[in-house]
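See structure below.
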Amino acid sequence: MEQAVTYHVDERNVALITLNRADKHNAFNDDMIATLTELFTRAGNDSSVRAVVLQGEGKSFSAGADLEWMKRMAQYDEAKNHIDAMALATMLHTLYTLPKPTIARVQGAAFGGAVGLIACCDIAIGSKLSKFCLSEVKIGLIPATISPYVIEAMGARVCRRYFQTAEVFSARRARRLGLLSEAVTEDELDSTIDDIVTQILKNGPVAVSQAKALVQQVANAPINAELLDDTSKQIAKIRTSKEGQEGLGAFIEKRAPAWQEKQA
Numbered sequence: 048m049e050q051a052v053t054y055h056v057d058e059r060n061v062a063l064i065t066l067n068r069a070d071k072h073n074a075f076n077d078d079m080i081a082t083l084t085e086l087f088t089r090a091g092n093d094s095s096v097r098a099v100v101l102q103g104e105g106k107s108f109s110a111g112a113d114l115e116w117m118k119r120m121a122q123y124d125e126a127k128n129h130i131d132a133m134a135l136a137t138m139l140h141t142l143y144t145l146p147k148p149t150i151a152r153v154q155g156a157a158f159g160g161a162v163g164l165i166a167c168c169d170i171a172i173g174s175k176l177s178k179f180c181l182s183e184v185k186i187g188l189i190p191a192t193i194s195p196y197v198i199e200a201m202g203a204r205v206c207r208r209y210f211q212t213a214e215v216f217s218a219r220r221a222r223r224l225g226l227l228s229e230a231v232t233e234d235e236l237d238s239t240i241d242d243i244v245t246q247i248l249k250n251g252p253v254a255v256s257q258a259k260a261l262v263q264q265v266a267n268a269p270i271n272a273e274l275l276d277d278t279s280k281q282i283a284k285i286r287t288s289k290e291g292q293e294g295l296g297a298f299i300e301k302r303a304p305a306w307q308e309k310q311a
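Using the numbering used here, you'd call the opening residue of the sequence shown number 48 and step up by one each time.
Dropping the structure here:
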C-alpha cells in the first residue's frame, strides 16, 4: 500500500514532504494529519535539514478534507470532535513553528484546510492555474483551526469576505492577497523553488532559523523599551556565536563561510 505522505531528504539536505493521494486530490484525513505532524517534527529536529518543501502529487495540491473522514466526524459527539480538531490544530502549529524555512509548492486545487497548510508555510509558490477556496461554510462549518494562519497571511478584512462567501479565487488574486508569494507557470514551479532554496542555502542555518522566529516574535509586539532591549540582546548574542563569528570572519576575509563550502 502506497504511503499517503512521503518524506525524502535530497542531496542539498532539503526535506521534501509530499501529499501522496493523487487519486483523491490529496484530500487529508486523521491518519495523514498524524503523519504530517510526525514528519514536520522530524524535519524540525534534524540538524542536517536546511529547508522543507511541502508539495502534492498529481493534479492538485490538496482538495482539503477527505469525504470518508468527514462522514466519521459527523458521527462524533462534541468532545470527540474537539479531540479530532486539536490534532489538526497541532499539525498546523507544528508546521507554522517549524524552525526551518518552509516552502509550499502549489498546483491545481487548494481548498479548505489546504489553504491553512499554505498559510503556515513561510513561502508559497503557486501555478498561475491553481485555484483556492475557503469552502467550509458551504457545508455549514467554519475554517476555525486554520483561521489564525490564513488571517495572518491575507488580513482580517479579506478573510471576512472569503470565510463567508466561499468563493473560488485565482492564483493571481491569491498572490495579490498575500497567500502566495509568487504565481508562475506550471513549468516554472520547480525552477522558482530551486532558486529560492539556493538563496536560502547561501545563508547561515542558525541565523535563518532565528530570523524566522524573530518575525513571529516581533510582528505584533509594541515597539517599546522591552522590545528594543530584547532585539539588541539577540543581535549581540548571535554576533558572538560560532556561526556569527564565522560569517563575520568570512565577510571580512572575503571568503565563503563554512556552511556554503558544505553545499559545494
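Where a beta carbon is used, it is the ideal one built from N, C-alpha and C, also for glycine.
- Is DSSP giving Y196 helix, strand or coil here? helix
- Chain-order list of residues whose beta-carbon lies under 8 Å from that of M201 (same chain, five-residue window excluded): A166, Y209, L224, G225, L226
- Is the beta carbon of G103 less than 7 Å from the beta carbon of L139? no
- Query: Is the distance from the Cβ of A69 to the Cβ of S109 below 7 Å?
  - Reply: Judged by their CB atoms, A69 and S109 are not nearer to each other than the 7 Å cut-off.
- Does DSSP put A121 in a helix, in a strand, or in coil? helix
- Task: Closer than 8 Å by C-beta to A213: which residues in its own chain qualify, once you throw out the five before and the five after it? Chain order, please.
- Result: C180, L181, S182, E183, V184, K185
- Query: Whole-angstrom Cβ separation of A134 and A51, contact assumed at under 8 Å?
  - Reply: Rounded, the Cβ-Cβ distance is 15 Å, inconsistent with contact.
- Could you name each continuous beta strand (DSSP E) segment of 3 residues or more that falls completely within the segment 167-229, going from the start of the chain to the end? 170-174, 178-180, 215-217
- What residue from A112, N73, A98, T192 has the CA that sits closest to H129's CA? T192
- Query: Taking DSSP as the reference, what is the three-state secondary structure of R286?
  - Reply: helix
- Counted within 10 angstroms of its Cβ, other Cβ atoms place G296 as buried (16 or more) or exposed: exposed
- Quick one: what's got a C-beta closer than 8 Å to I64's C-beta in the same chain, skipping five residues either side? V52, T53, Y54, L83, L86, F87, A90, V99, V100, L101, Q102
- For V96, name the three-state secondary structure that DSSP assigns. If DSSP states are grouped into helix, strand and coil, V96 belongs with coil.
- Since D169 and T149 are thought to touch, with beta carbons under 8 Å apart, how far apart are those beta carbons, to the nearest angstrom? In this structure D169 touches T149 by the C-beta definition: roughly 5 Å separates them, less than 8 Å.
- Helix, strand or coil at T232 [DSSP, three-state]: coil
- For D237, which option in Q154, E125, Q257 has the closest C-alpha, if you only look at C-alpha atoms? Q154
- Message: If you follow the beta strand (DSSP E) that A62 is in, where does it begin and where does it stop?
- Response: 61-66
- Could you please give the first and the last residue of the uninterrupted beta strand (DSSP E) stretch that includes A156? A156 -> beta strand (DSSP E) spans 156-158.
- Query: What residues in its chain sit with their C-beta under 7 Å from that of V96, if we drop five residues either side in the sequence?
  - Reply: V56, N60, A62, A90, K147
- Rounded Cβ spacing between N73 and S107 (contact assumed at less than 8 Å): 6 Å
- Message: Cutting at 8 Å between CB atoms, please list the residues of its own chain near I189, excluding the five before and the five after it.
- Response: E183, F210
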